[in-house]
DNA sequence: ACTTGACTTTTACGGCTTTTTACCATGCTA
DNA sequence: TAGCATGGTAAAAAGCCGTAAAAGTCAAGT
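Protein chains in written order, with UniProt numbering: chain S, 1 to 222; chain A, 1 to 222.
Structure below.
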């Protein structure tokens with residue numbers, strides 16, 4: 001079963017070059033010439049990696065990247081025309097996994113693709129299990145996005161920050177409501193329940209939020 | 001209290017990149033540009049993890065690693081420029097905890113750092129006969145986990161805090177129920193009994209909770 | 001301003017676990 | 001051996017959790 005690389009590149013000659021080399025290297029390929037349908041295609045064909053040109057007709061590469069990150073953690077390699085771009089991009093947290101600068105040799109592209117795939121393979125079953133982007137309130141579990149409400153996200157953050165450590169309901173409430181609001185502690189249970197439901201929609205067989213009878217809750221990865 | 005990551009990297013741009021991402025991820029950072037002062041720094045600032053470039057001016061990364069291992073078990077992640085290096089390194093027993101190959105995405109580095117830290121945290125000692133982790137309500141006896149209820153855990157903690165010292169039932173109740181609840185003192189006996197049963201499931205031949213006729217109970221390791 | 005819809009909090013209850021109690025058997029000390 | 005302390009057991013009581021549904025809150029859009 002071949003892995004599919006999605007090539008998003010408006011310059012036809014370049015796209016073909018990528019395609020040929022990647023196929024030669026044993027990958028399946030798909031091509032798009034503009035940014036309009038990228039997200040739709042990603043959802044459909046679930047590529048193993050996306051090679052994304054930064055300058056595209058129709059839509060900016062950065063926007064596409066952000067959009068994809070809303071629902072998927074698929075590896076993305078950005079292709080840019082200018083070296084100076086890269087430094088700028090590196091500073092930004094917008095979620096690409098690597099950057100290639102034109103002009104480049106097709107061999108280099110293949111090498112990078114392999115490198116990124118290898119990395120993401122080794123990381124998959126490890127720390128990438130749960131990723132919490134505090135700035136964006138974006139939680140991903142095994143590469144899939146968890147659509148959490150603000151309170152749910154916070155709750156998960158607090159628990160996941162100290163895996164294994166048990167927090168009681170008062171501690172959790174104190175951290176979530178720092179305005180000293182008084183809420184019934186069963187409220188926590190309620191949010192926990194919703195969190196668990198959303199999490200189990202992604203990983204039905206793995207429990208990550210455990211209750212400790214008479215004490216509280218804890219987060220613990222498999 | 002943040003954990004400190006010590007970055008040892010001669011390429012300034014790369015070091016800054018690491019630093020920014022790790023700080024973003026909630027770590028404190030320190031940087032060194034060559035290998036000469038690494039061991040001294042490790043002794044001083046006791047970092048939680050070291051990110052160590054293999055190729056350094058002044059001293060070889062491997063040597064540094066070995067040197068550190070003589071006095072510390074701090075987690076070390078080696079950074080190397082070439083994939084082939086890794087295979088070679090993996091064969092050698094020199095004590096790094098993980099390897100990262102250039103080029104890499106800063107996100108990956110953060111992920112690896114977290115993964116290694118998590119692993120080393122869970123590997124923490126099972127050398128002591130009885131270990132009580134108050135934070136996670138986790139009691140281990142000779143490396144085996146005792147599945148205790150909240151009260152049982154407290155009871156064992158109180159007794160084990162003063163080995164050999166005899167505590168009567170009132171003292172024990174006072175410490176367990178600081179809300180001045182009045183309970184029958186036979187309740188203690190009941191919990192003691194359950195504790196003993198769970199403990200003897202792990203170490204059938206060793207009695208650690210002793211009753212002192214007419215006085216109370218004490219904990220005493222073999 | 002009103003409606004609407006999404007999110008949060010409260011409340012109630014069944015089922016389950018732990019804690020407590022009661023009671024009898026056994027063991028210790030004088 | 002008498003008298004009290006402790007151990008074992010089981011059943012009652014208390015407390016806790018998961019769940020669902022009702023009630024409240026808030027902000028966006030009309």
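For glycine and all other residues, C-beta sits at the position ideal for the given N, C-alpha and C.
Kindly list, in the order they appear in chain S, the residues whose Cβ is closer than 9 Å to that of residue i.
i, result
"residue 135 of chain A", "162, 164, 165 and 166"
"residue 197 of chain A", "Result: empty, since nearest Cβ-Cβ is about 18 Å, beyond 9 Å."
"residue 181 of chain A", "Chain S residues near residue 181 of chain A: none, gap ~15 Å exceeds 9 Å."
"residue 69 of chain A", "The contacting residues do not exist; residue 69 of chain A stays about 24 Å from chain S at best."
"residue 186 of chain A", "Chain S residues near residue 186 of chain A: none, gap ~21 Å exceeds 9 Å."
Who are the neighbours of residue i on chain S, taking C-beta pairs under 7 Å?
i, result
"residue 105 of chain A", "97 and 98"
Which chain A residues are close to residue i, counting only those with a beta carbon under 7 Å from its beta carbon?
i, result
"residue 214 of chain S", "149 and 150"
Taking DSSP as the reference, what is the three-state secondary structure of residue i?
i, result
"residue 163 of chain A", "coil"
"residue 212 of chain A", "strand"
"residue 142 of chain A", "coil"
"residue 101 of chain S", "strand"
"residue 109 of chain A", "helix"
"residue 223 of chain S", "Lying before the first or after the last residue shown, residue 223 of chain S is absent from chain S, which here runs from 1 to 222."
"residue 182 of chain S", "coil"
"residue 76 of chain A", "strand"
"residue 203 of chain S", "coil"
"residue 60 of chain S", "coil"
"residue 10 of chain A", "coil"
"residue 2 of chain A", "coil"
"residue 168 of chain S", "coil"
"residue 21 of chain A", "helix"
"residue 37 of chain A", "coil"
"residue 132 of chain A", "strand"
"residue 148 of chain A", "coil"
"residue 49 of chain S", "strand"
At 8 Å on the CB atoms, spell out the chain A contacts of residue i, in chain order.
i, result
"residue 218 of chain S", "136"
Can you tell me whether residue i is buried or exposed, with buried defined as 16 or more other CB within 10 angstroms of its CB?
i, result
"residue 162 of chain S", "exposed"
"residue 104 of chain S", "exposed"
"residue 26 of chain S", "exposed"
"residue 106 of chain A", "buried"
"residue 184 of chain S", "exposed"
"residue 173 of chain A", "buried"
"residue 133 of chain S", "exposed"
"residue 114 of chain A", "buried"
"residue 22 of chain A", "buried"
"residue 215 of chain A", "exposed"
"residue 91 of chain S", "Residue placement at residue 91 of chain S cannot be trusted, given a pLDDT of 38 that sits under 50; what the coordinates show is reported in the next sentence. Classification for residue 91 of chain S: exposed."
"residue 206 of chain A", "exposed"
"residue 213 of chain A", "exposed"
"residue 19 of chain A", "buried"
"residue 135 of chain A", "exposed"
"residue 12 of chain S", "exposed"
"residue 24 of chain A", "exposed"
"residue 15 of chain A", "buried"
"residue 81 of chain S", "exposed"
"residue 46 of chain S", "exposed"
"residue 68 of chain S", "buried"
"residue 108 of chain A", "buried"
"residue 96 of chain S", "buried"
Could you tell me which chain S residues have their CB closer than 8 Å to the CB of residue i, listed as they occur along the chain?
i, result
"residue 175 of chain A", "Those within 8 Å of residue 175 of chain A in chain S number zero; the least Cβ separation is about 16 Å."
"residue 19 of chain A", "Those do not exist, as residue 19 of chain A stays about 12 Å from chain S at its closest Cβ, beyond 8 Å."
Our contact map puts residue i next to residue j with C-beta atoms below 8 Å; I'd like the distance itself, whole angstroms only.
i, j, result
"residue 158 of chain S", "residue 175 of chain S", "5 Å"
"residue 152 of chain A", "residue 191 of chain A", "6 Å"
"residue 98 of chain S", "residue 112 of chain S", "6 Å"
"residue 65 of chain S", "residue 76 of chain S", "6 Å"
"residue 3 of chain A", "residue 28 of chain A", "7 Å"
"residue 138 of chain S", "residue 198 of chain S", "Between residue 198 of chain S and residue 138 of chain S the Cβ distance is about 13 Å, and since that is not below 8 Å, they are no contact."
"residue 195 of chain S", "residue 130 of chain S", "With 8 Å as the limit, residue 195 of chain S and residue 130 of chain S do not qualify as a contact, their Cβ atoms being about 12 Å apart."
"residue 116 of chain S", "residue 100 of chain S", "About 10 Å separates the two Cβ atoms, so there is no contact after all."
> Any chance the segment 57 to 65 of chain S sits against the segment 21 to 35 of chain S, with 3 or more Cβ pairs inside 8 Å?
Replying inline: A contact between stretches requires three or more CB pairs, one per stretch, nearer than 8 Å, and the segment 57 to 65 of chain S meets this requirement with the segment 21 to 35 of chain S.
>> Check whether the segment 2 to 16 of chain S and the segment 43 to 51 of chain S are in contact - that is, three or more C-beta pairs closer than 8 Å.
In response: Counting Cβ pairs under 8 Å, three or more are found: they touch.
>> Is it the case that the segment 143 to 153 of chain S contacts the segment 69 to 77 of chain S, given that we only count it when at least three CB pairs across the two stretches are under 8 Å?
In response: As far as the Cβ criterion goes, the segment 69 to 77 of chain S touches the segment 143 to 153 of chain S, which means the pair count is three or higher.
> Taking contact to mean at least 3 C-beta pairs separated by less than 8 Å, is the segment 149 to 169 of chain S in contact with the segment 207 to 219 of chain S?
Replying inline: Three or more Cβ pairs drawn from the segment 149 to 169 of chain S and the segment 207 to 219 of chain S lie within less than 8 Å of each other, which places the two stretches in contact.
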